[in-house]
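Heads up, the thing below is written out as structure tokens.
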Amino acid sequence: MIDNILTISKIGIRSIFTAKKYDTEILYEDLSRILFIRNYIEECLLFVKERYKERYKEISAEEYQNELKKYALELFLTFCEEAIPDEEKNSKDFNLEIQRKGDKDYFNYIYDNLKYPE
Numbered sequence: 019m020i021d022n023i024l025t026i027s028k029i030g031i032r033s034i035f036t037a038k039k040y041d042t043e044i045l046y047e048d049l050s051r052i053l054f055i056r057n058y059i060e061e062c063l064l065f066v067k068e069r070y071k072e073r074y075k076e077i078s079a080e081e082y083q084n085e086l087k088k089y090a091l092e093l094f095l096t097f098c099e100e101a102i103p104d105e106e107k108n109s110k111d112f113n114l115e116i117q118r119k120g121d122k123d124y125f126n127y128i129y130d131n132l133k134y135p136e
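Numbering (our numbering), first residue to last: 19 to 136.
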């Protein structure tokens with residue numbers, strides 16, 4: 019059951035990176051995209067809790083959220099890497115590991131600390 023719910027949720031996260039029909043500010047602005055993903059994950063968890071109350075005991079909320087966050091981070095890092103211009107990738111000063119660490123730290127900071135304005 020949890021595998022099916024995770025798979026469906028991952029499809030939604032993937033669409034944030036691939037669909038052109040969303041608001042371009044969400045698609046192309048990293049900060050907004052990360053906040054949108056966190057909100058999506060939180061809403062998915064609420065849906066699962068409400069929909070599967072009797073079966074929810076077998077689904078760990080923390081595990082569910084961590085799995086989706088990990089998946090979103092992987093997609094984000096791939097997206098960032100693909101966005102690096104070839105000239106920069108081919109320069110002798112470029113270090114992909116340093117770039118990925120910076121992108122990962124940025125994602126985690128935004129995801130964990132920032133909120134939408136109320």
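For each residue, glycine too, the CB sits at the ideal point set by N, CA and C.
Judging by CA-CA distance, which residue of the options is the nearest neighbour of residue i?
i	options	result
residue 92	25, 23, 122 and 34	122
residue 31	95, 22 and 58	58
residue 27	53, 51, 52 and 60	60
residue 62	87, 51 and 116	87
residue 83	117, 120, 109 and 65	65
residue 24	85, 95 and 117	85
residue 47	105, 94 and 106	94
residue 131	33, 52 and 106	52
residue 120	21, 99 and 68	99
Could you give the C-beta distance for residue i and residue j, rounded to a whole number, given that I count them as a contact under 8 angstroms?
i	j	result
residue 128	residue 49	6 angstroms
residue 97	residue 35	6 angstroms
residue 55	residue 90	5 angstroms
Output the boundary residues of the alpha helix (DSSP H) element that contains residue i.
i	result
residue 123	114 to 131
residue 80	79 to 101
What three-state label does DSSP hand residue i in the structure shown?
i	result
residue 111	coil
residue 44	Only weak support exists for where residue 44 lies, its pLDDT of 48 falling under 50; the value from the coordinates is given anyway. Residue 44: helix per DSSP, three-state reduction.
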